[in-house]
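Protein chains in written order, with the numbering used here: chain Y, 21 to 168; chain W, 2 to 126.
Take a look at the structure below.
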């Protein structure tokens, strides 16, 4: 049991889901902010995950293990800021309101962000389960030769 | 009867396979949130068929290293030929099964060594 690789796979998955969670949380934290008249709005951030190099062609187990040890089997991700889209809300008393009494708020879909949070937590938990299964197997491997 | 070579060879193959399968499942879970990822699947039917016939004196499994080479890790295509997405519950269930299987193999290996120990000590404890 090569536990370095098995742990690294799950750790990469957990890292990506944590990043997804943080991006969604950042978006939610900025949902209620108001940008001033001359200010640029808050650009909504998105986590873009790209599929790993494991393609549509099958390979032998050895090739797969080599790809795993080179870190090619885990997803890559980056955070991208989308164009700042704002939503105009009528709020006459607001100090940053324009002449018509409108303020600009980032156009954040709160339901979608919450769904992203929930999905990220579930996938994170599945990665924890995978890690703990790998750990159990590695611990068993240490028991070889002990009297049963 | 050459219990030594037979047991060790078979157990080693099976443990290597279980370890490989665990890594395939962990990869599937890690990529579960990636759009466009195709679930990977471990198949080793060809390997089982390539085993020598079990008649008379059983032969030990082929030299280690070949069995991993004989397994295929590839995209999981459903009956309709379309690539399947990752389903977390299936992966976790398969992982539990694989982990249990690995532990059973480990216990068999320990048993094997305790038999050898018994032989080495002429049955004395």
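Ideal placement from N, C-alpha and C gives every residue a C-beta, glycine not left out.
For chain Y, is any of its Cβ atoms less than 8 Å away from the one on residue 92 of chain W? What you label residue 92 of chain W is simply residue 91 of the second chain in a count that begins at 1. Yes, its Cβ sits closer than 8 Å to a Cβ of chain Y.
Flag this pair as touching only if the region 15 to 27 of chain W and the region 25 to 32 of chain Y have three or more C-beta atom pairs under 8 Å; answer yes or no. yes
Identify the contact partners of residue 72 of chain W in chain Y, using a Cβ-Cβ distance below 8 Å as the criterion. Here residue 72 of chain W refers to the residue found at position 71 of the second chain. Simply 80, 81.
Compare the Cα-Cα distances from residue 49 of chain Y to each of Y/143, Y/157, Y/160, Y/133 and report the closest residue. Taking the first residue of the first chain as 1, we reach residue 49 of chain Y at position 29. Taking only the C-alpha atoms, the option nearest residue 49 of chain Y is Y/133.
Measure the beta-carbon distance from residue 157 of chain Y to residue 100 of chain W and round it to whole angstroms, keeping in mind my assumption that it falls under 8 Å. Numbered from its first residue, the first chain carries residue 157 of chain Y at position 137. Numbered from its first residue, the second chain carries residue 100 of chain W at position 99. That belief holds up - the Cβ atoms of residue 157 of chain Y and residue 100 of chain W are roughly 6 Å apart, short of 8 Å.
Reduced DSSP category for residue 47 of chain Y - H, G, I as helix; E, B as strand; rest coil: Taking the first chain and counting its residues from 1, one reaches residue 47 of chain Y at position 27. In the three-state scheme derived from DSSP, where H, G and I count as helix and E and B as strand, residue 47 of chain Y is classed as helix.
When the cut-off is 8 Å and only beta carbons count, does residue 11 of chain W lie next to chain Y? Along the second chain, read from residue 1 onward, the residue named residue 11 of chain W stands at position 10. False, the Cβ-Cβ gap to chain Y never drops below 8 Å.
Does the beta carbon of residue 50 of chain Y come closer than 8 Å to any beta carbon on chain W? Position 30 of the first chain, counting from 1, holds the residue named residue 50 of chain Y. Judged by the 8 Å Cβ criterion, residue 50 of chain Y is not in contact with chain W.
Could you name the residues of chain W that residue 37 of chain Y contacts, counting a contact when the two beta carbons are closer than 7 Å? Along the first chain, read from residue 1 onward, the residue named residue 37 of chain Y stands at position 17. Here the neighbours are 34.
8 Å Cβ cutoff met for residue 77 of chain W and residue 39 of chain W: By one-based count along the second chain, residue 77 of chain W stands at place 76. By one-based count along the second chain, residue 39 of chain W stands at place 38. The answer is yes: Cβ separation under 8 Å.
Is residue 143 of chain Y close to chain W, meaning its C-beta is less than 8 Å from at least one C-beta of that chain? As a working note, residue 143 of chain Y is residue 123 in the first chain. Yes, contact with chain W.
For residue 22 of chain W, which option in Y/164, Y/153, Y/125 has the closest C-alpha, if you only look at C-alpha atoms? Counted from its first residue, the second chain places residue 22 of chain W at position 21. Checking every option, the nearest Cα to that of residue 22 of chain W belongs to Y/153.
Roughly how many angstroms lie between the CA atoms of residue 115 of chain W and residue 165 of chain Y, to the nearest whole one? In the second chain, residue 115 of chain W corresponds to position 114, counting from 1. In the first chain, residue 165 of chain Y corresponds to position 145, counting from 1. One C-alpha to the other measures close to 8 Å.
Say whether chain Y places a C-beta atom closer than 8 Å to the C-beta of residue 116 of chain W. To locate residue 116 of chain W, count along the second chain from 1; it is residue 115. No, its Cβ sits nowhere closer than 8 Å to a Cβ of chain Y.
Using a C-beta to C-beta distance shorter than 7 Å, which residues of chain Y count as neighbours of residue 31 of chain W? Position 30 of the second chain, counted from the start, is the residue given in the question as residue 31 of chain W. Result: 29, 30, 32, 33, 94, 95, 147.
Below 9 Å on C-beta distance, what does residue 66 of chain Y contact in chain W? Residue numbering aside, residue 66 of chain Y sits at position 46 when the first chain is read from its first letter. Chain-order list of chain W residues neighbouring residue 66 of chain Y: empty, with the shortest C-beta distance near 12 Å, by a criterion of under 9 Å.
Which of helix, strand or coil DSSP assigns to residue 70 of chain Y: Along the first chain, one-based indexing puts residue 70 of chain Y at 50. Residue 70 of chain Y: strand per DSSP, three-state reduction.
Could you tell me whether the Cβ of residue 112 of chain Y comes closer than 8 Å to any Cβ of chain W? Position 92 of the first chain, counting from 1, holds the residue named residue 112 of chain Y. It does not: the Cβ of residue 112 of chain Y has no partner Cβ on chain W nearer than 8 Å.
So that I know if they touch, is there some Cβ in chain W lying closer than 8 Å to that of residue 157 of chain Y? By one-based count along the first chain, residue 157 of chain Y stands at place 137. Taking Cβ atoms only, chain W reaches closer than 8 Å to residue 157 of chain Y, which makes this a yes.
Counting only beta-carbon separations shorter than 8 Å, does residue 168 of chain Y have a partner in chain W? As a first step, residue 168 of chain Y must be located in the first chain, where it is residue number 148. Any reading at residue 168 of chain Y is ruled out, since the residue's pLDDT is 49, under 50, leaving its predicted position unreliable.
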